[in-house]
Amino acid sequence: MDNPACEPAEDTVLVRREGAVMHVSLNRLDARNALNTPVRQALAAAFRQAEADPGVRAVLVTGEGRHFCAGADIRELRARTMLEAGWAPERLDTMVEGLSKPVIGALHGYVLGGGLELALAFTVRLASEDFRGGFPEVKLGIFPALGGTQRLPRLVGEGRALELMLRGRIVDAHEALGMGLVTEIAPAGELRQRGLALAQELAAGPPVAMRAIMECVRRAGDLGRADGLDYERRLFGIVCGTEDKAEGVAAWLEKRPPRFSGR
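Numbered according to our numbering, the sequence shown spans residues 480 to 742.
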């Protein structure tokens, strides 16, 4: 049963619980959900809330209206100074990427610039048939600096990442799927429900093992092969000591669905 909506500091981001899933939705309709300071702050508060709540096991991120997010607020960008742009001690993208719970993005309409960069930090990205995504920052004389230059090459390869960012080219859902930018395409009217179904599926999984998977995959690009294998082995040892591992094995042997507790 759905939990009543939790009131965020800004109504430009809507937050509610749907069982073990926290639903976070951009709601700045007059600006195509563009990211400005209040939106970023409200998103950060929502993600902190999700991380702190043991009842939340997955997060679904969507956008209200016709578009997920048209990117950064250009009016704010015009006023941003060198110091403000170069000093970001609390980055929204790294906060999202560091969550211990899977984050599913249901992306529709325009998903541009900072909006797509934020989505790169999600665990999984689904796209609707009307998805139009890209990194047009170069046309403003800047470049993708919310992690775009670091995460995109790891997803689609260096050559394709350079081509997309240097040209500022927009891709549709099918090209995004082909290059691995998203993992699934859904009809526009079914995207949110498909995102919720996936979030609920992941929320039912073993939280410690899933966190270990995310940690190992994220560290794979930072560690050498030997260090990565050692890190994987150490986390596997931790997971083997959990109640969820005992429950999962017992459920398989007893031919019944497992009931994971997160311990």
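We treat Cβ as the ideally placed atom computed from N, Cα and C, and that holds for glycine.
Because the structure is a prediction, the values reported are computed rather than measured.
- A contact between stretches requires three or more CB pairs, one per stretch, nearer than 8 Å, and the stretch 691 to 705 fails this requirement with the stretch 523 to 541.
- Taking a C-beta distance under 8 Å as the contact criterion, F614 and G588 do not qualify as a contact pair.
- Spatial neighbours of L631 in its own chain (CB-CB distance under 6 Å, excluding positions within 5 residues in sequence) are listed in chain order as A640.
- The distance from the Cβ of R690 to that of S607 is about 29 Å, inconsistent with a contact at the 8 Å cut-off.
- Taking 8 Å as the cut-off, the Cβ atoms of G612 and L625 do not count as close.
- Rounded to whole angstroms, the Cβ separation of L656 and I649 is 15 Å, and the two are not in contact under 8 Å.
- Sequence-distant Cβ neighbours of V718 in its own chain, meaning closer than 7 Å and more than five residues away, are V687, A688, A691, K724.
- The Cβ atoms of M644 and G627 lie closer than 8 Å to each other.
- In the structure shown, the three-state DSSP call for A683 is coil.
- Where A529 is concerned, the enclosing alpha helix (DSSP H) starts and stops at 516 to 531.
- By the CB criterion at 8 Å, V661 and R604 fall inside the cutoff.
- If you draw a straight line from the Cα of I583 to the Cα of T491, it comes to about 19 Å.
- Here P581 is buried: its Cβ has 16 or more other Cβ atoms, across all protein chains shown, within 10 Å.
- Boundaries of the alpha helix (DSSP H) around A730: 722 to 732.
- The DSSP assignment places 571 to 576, 593 to 599 as complete runs of the alpha helix (DSSP H) inside the stretch 568 to 632, in order along the chain (cut-off: 4 residues).
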